[in-house]
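Notes follow once the structure below has been shown.
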Amino acid sequence: MKKMRIIGRDIDPETGDVSYFNPGYTSRTEALKGQRKEKPPTKGQKAHRRRKKKEHYAGCRPRPLFHDQTPKLHDDPAERFRLKQEVIRDAGHRCQVCGTGDNLTLDHIIPLSKGGGWHRANLQCLCNDCNQAKGDKMPYELAA
Numbered sequence: 001m002k003k004m005r006i007i008g009r010d011i012d013p014e015t016g017d018v019s020y021f022n023p024g025y026t027s028r029t030e031a032l033k034g035q036r037k038e039k040p041p042t043k044g045q046k047a048h049r050r051r052k053k054k055e056h057y058a059g060c061r062p063r064p065l066f067h068d069q070t071p072k073l074h075d076d077p078a079e080r081f082r083l084k085q086e087v088i089r090d091a092g093h094r095c096q097v098c099g100t101g102d103n104l105t106l107d108h109i110i111p112l113s114k115g116g117g118w119h120r121a122n123l124q125c126l127c128n129d130c131n132q133a134k135g136d137k138m139p140y141e142l143a144a
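Mapped onto full-length UniProt numbering, the consecutive letters of the sequence shown carry residue numbers 1 to 144.
So this is what it looks like as structure tokens:
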């Protein structure tokens with residue numbers, strides 16, 4: 001039989017009886033009283049949860065372009081020049097923020113320092129002033 005260590009005592013003021021107790025200790029029957037034992041989820045329930053989660057995220061926008069493998073254009077100036085001319089032409093030879101046509105530069109929507117790449121979807125045409133103001137901020141940092 002397991003011996004209980006006496007931690008404290010409780011004295012009944014009317015009768016003077018002393019009862020020793022172990023604080024924090026509850027018997028097994030007291031602990032189980034009022035509790036319903038839950039069964040683990042079945043395979044069907046787990047599959048249902050996965051389907052609901054998929055449906056929830058199906059309407060969300062795709063993740064940013066951080067993890068896409070993109071071509072390295074740092075070493076090929078001809079390819080960079082062609083891409084820059086294409087972006088400027090698609091923008092109508094205007095800055096996409098202020099609309100000016102002077103000092104146009106190529107800007108990465110998601111900066112290279114934060115995982116953006118050299119693909120067409122990540123490039124935009126900005127004037128030098130707007131590009132300097134944007135810096136290496138993410139699009140959601142500009143809106144705030």
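Glycine residues also receive a C-beta, built at the ideal position from the N, C-alpha and C atoms.
Opening and closing residue of the alpha helix (DSSP H) in which residue i lies
{"i": "Leu126", "result": "Element bounds for Leu126: not the alpha helix (DSSP H) but the beta strand (DSSP E), 123 to 127."}
{"i": "Glu79", "result": "77 to 90"}
{"i": "Gly119", "result": "At residue 119 the sequence reads His, which differs from the Gly that was named. Counting along the chain, His119 falls outside any alpha helix (DSSP H), and DSSP gives it neither H nor E."}
{"i": "Lys39", "result": "From DSSP, Lys39 is part of no alpha helix (DSSP H); its letter is neither H nor E."}
Beta-carbon proximity of residue i to residue j, cut-off 8 Å
{"i": "Lys134", "j": "Asp107", "result": "yes"}
Presumed contact (8 Å Cβ cut-off) between residue i and residue j, rounded CB distance
{"i": "Leu126", "j": "Cys95", "result": "5 Å"}
{"i": "Ile109", "j": "Pro139", "result": "6 Å"}
{"i": "Asn131", "j": "Thr100", "result": "Actually they are not in contact, since the Cβ atoms of Asn131 and Thr100 sit about 12 Å apart, beyond 8 Å."}
{"i": "Val87", "j": "Gln45", "result": "Their Cβ separation, rounded to whole angstroms, is 50 Å, which puts Val87 and Gln45 out of contact at 8 Å."}
{"i": "Asn128", "j": "Asn103", "result": "4 Å"}
Run of the beta strand (DSSP E) containing residue i, from where it starts to where it stops
{"i": "Leu104", "result": "104 to 108"}
Own chain, CB closer than 8 Å to residue i, minus 5 neighbours either side, in chain order
{"i": "Pro120", "result": "Looking at the sequence itself, residue 120 is Arg, so the reference to Pro does not match. For Arg120, where only same-chain residues beyond five positions count, the Cβ hits under 8 Å are Leu83, Glu86, Val87."}
{"i": "Ser113", "result": "Asp136"}
Nonlocal neighbours in the same chain, by C-beta distance under 7 Å from residue i, ignoring five residues either side
{"i": "Val97", "result": "Leu126, Cys130"}
{"i": "Gly116", "result": "Leu65, His108, Ile109, Ile110, Asn122"}
Cutoff 6 Å; reference residue i; Cβ partners in own chain excluding five residues on either side
{"i": "His93", "result": "Gly101"}
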